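Following: one structure in structure tokens, then a few remarks.
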Amino acid sequence: MEHVLNGSELTVWLPERIDTLTAADVEKEIMAICTATPHDGLCLEASSLNYIASSGLRVMIRMAKAEKKFRIANVELSVYSVFETTGFTQIMKVEKALRKIHLEECQRLGIGATGAVYRISPEEIVKVNYNPATDAELEEESRKAKAAFLLGVPTAITFDMVDCGEGRRGVVYETLHSITLGEMLQTHPEEMDEWVEKYVAVLQRLHAIHTDSPVFGKMKDDYFRQAEAALPYLTEEEGRMMMKVAEALPDGDCLVHGDAHPKNIMLQPGEMMWIDMAMMGIGHPVYDLISIAVVLKGLSTEEIAMQMTGMSLDTLRKLDRCFIRHYFHVEKEEDIARYDQLMDVLRLIRSVFMIGNDSPTTQRFRPRLIELARGRFFPQVDRVIEVLKSLV
Numbered sequence: 289m290e291h292v293l294n295g296s297e298l299t300v301w302l303p304e305r306i307d308t309l310t311a312a313d314v315e316k317e318i319m320a321i322c323t324a325t326p327h328d329g330l331c332l333e334a335s336s337l338n339y340i341a342s343s344g345l346r347v348m349i350r351m352a353k354a355e356k357k358f359r360i361a362n363v364e365l366s367v368y369s370v371f372e373t374t375g376f377t378q379i380m381k382v383e384k385a386l387r388k389i390h391l392e393e394c395q396r397l398g399i400g401a402t403g404a405v406y407r408i409s410p411e412e413i414v415k416v417n418y419n420p421a422t423d424a425e426l427e428e429e430s431r432k433a434k435a436a437f438l439l440g441v442p443t444a445i446t447f448d449m450v451d452c453g454e455g456r457r458g459v460v461y462e463t464l465h466s467i468t469l470g471e472m473l474q475t476h477p478e479e480m481d482e483w484v485e486k487y488v489a490v491l492q493r494l495h496a497i498h499t500d501s502p503v504f505g506k507m508k509d510d511y512f513r514q515a516e517a518a519l520p521y522l523t524e525e526e527g528r529m530m531m532k533v534a535e536a537l538p539d540g541d542c543l544v545h546g547d548a549h550p551k552n553i554m555l556q557p558g559e560m561m562w563i564d565m566a567m568m569g570i571g572h573p574v575y576d577l578i579s580i581a582v583v584l585k586g587l588s589t590e591e592i593a594m595q596m597t598g599m600s601l602d603t604l605r606k607l608d609r610c611f612i613r614h615y616f617h618v619e620k621e622e623d624i625a626r627y628d629q630l631m632d633v634l635r636l637i638r639s640v641f642m643i644g645n646d647s648p649t650t651q652r653f654r655p656r657l658i659e660l661a662r663g664r665f666f667p668q669v670d671r672v673i674e675v676l677k678s679l680v
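The sequence shown begins at 289 in this note's numbering and counts up one residue at a time.
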């Protein structure tokens with residue numbers, strides 16, 4: 289039987305059948321491999337297993353009792369149903385095999401910094417991550433989307449994780465036959481006031497949801513992690529100032545999207561629906577203002593603006609002013625100008641806290657972000673903290 293040691297976990301590949309005639313030999317060989325290979329956990333790889341008898345199930349029970357950590361991985365549906373029907377999925381970790389998707393047969397709908405979105409069928413799309421190291425983040429996003437849906441957040445229904453080949457994983461969502469709010473604002477600028485009013489309303493409905501669900505992490509904790517990741521690129525004094533701002537960020541118990549710009553809202557008949565829940569967490573509404581500010585004020589080229597938001601720089605400038613008017617309920621020029629300055633400070637927070645991010649996009653722009661931090665952020669750290677306090 290093939291086997292390999294991955295770190296402290298020993299993986300053993302099961303045969304196609306474990307029946308009355310073969311169960312004893314299978315158990316004997318697994319035990320011999322375990323004895324010869326020191327390990328802390330055992331994974332039985334079941335991708336080839338297409339039949340298991342009751343004698344084979346008893347082998348699984350004995351192995352689970354013998355090991356400190358035990359799981360059965362990539363179990364095909366017909367075999368998984370046996371584990372499920374007999375109650376084995378309740379007493380041991382049995383992982384169902386992922387549905388296989390052939391991306392070359394699918395239409396690519398969009399591309400981003402870490403992955404892409406493909407249409408599987410008229411009713412399903414799949415979000416694929418290029419880097420297998422981010423699969424855990426993809427699973428976390430799926431859990432957040434499901435939990436948000438159950439809390440009443442209007443969002444696309446999330447289905448299963450799938451195998452997209454070449455080590456890539458994806459999450460399947462229902463297809464939303466609609467356009468983004470960003471696309472609507474770009475193509476119908478004359479309707480901006482009406483759409484921004486709805487945008488602010490759906491944002492406030494999201495923030496009216498209070499939760500302590502463990503599925504969502506605390507936004508403040510996430511910013512502390514980002515600050516710590518940025519420290520290697522900063523001086524000791526700059527690091528202290530970064531941590532000072534992280535400490536000043538507010539706590540809260542409301543649901544925040546974390547990346548609440550118009551491209552992450554789909555327009556369904558009679559409803560706006562949130563998508564891309566990867567950064568969703570628990571905190572104060574100011575975290576969403578930070579994410580909106582960096583999009584409205586922090587994009588430097590037409591190409592980046594269109595790719596990230598579906599809007600031109602000119603549309604973003606108009607949206608910036610319109611959003612301030614509706615969100616803060618101001619009309620006088622001096623009031624709009626004051627909040628415009630506050631939003632500009634917020635966008636500095638998001639930009640500078642990205643310095644330690646390891647995405648390809650951040651690696652490309654890191655020198656520019658460090659320059660921004662040293663030119664505009666660190667010299668006015670006290671002002672940044674004042675702005676946070678005023679908005680909270």
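Ideal placement from N, C-alpha and C gives every residue a C-beta, glycine not left out. What you are looking at is a predicted structure, and each value in this text was computed from that prediction instead of being measured.
Asked, Found
"Name the DSSP bridge partner or partners of A361?", "E333"
"Go through its chain and collect everything with a Cβ distance to R350's Cβ below 8 angstroms, but skip five positions before and after it.", "E315"
"On a CA-only basis, which of Y575, F447, A517 and V488 is nearest D539? Give me that one, please.", "Y575"
"Could you give the residue range of the beta strand (DSSP E) that holds E462?", "R457 to E462"
"Determine contact between the segment 559 to 568 and the segment 591 to 605, defined as no fewer than three beta-carbon pairs at a distance below 8 angstroms.", "no"
"Return the residue from the list P550, M530, I467 and V405 that minimises the CA-CA distance to Q395.", "V405"
"Could you have a look at C542 and say whether DSSP puts it in helix, strand or coil?", "strand"
"Using the Cα positions of A581 and S296, report the straight-line distance between them to the nearest angstrom.", "45 angstroms"
"To which residues of the same chain is R638 closer than 8 angstroms at the C-beta, ignoring the five residues directly before and after it?", "I578, S579, A581, V582 and G586"
"For V618, which three-state DSSP category applies?", "coil"
"Tell me whether T253 sits in a helix, a strand or coil according to DSSP, three-state version.", "Nothing can be reported for residue 253, as the shown portion of the chain is limited to 289 through 680."
"For a test of the three-state rule: what should DSSP assign to V441, helix, strand or coil?", "coil"
"On a CA-only basis, which of K532, M529, S342 and K388 is nearest G455? Give me that one, please.", "K388"
"The beta strand (DSSP E) that contains A404, what's its start and end?", "G403 to S409"
"Helix, strand or coil for E355? Go by DSSP, reduced to three states.", "coil"
"Please work out which residues of its chain come closer than 6 angstroms, Cβ to Cβ, to C331, disregarding the five sequence neighbours upstream and downstream, and give them in chain order.", "E297, T299, R359 and A361"
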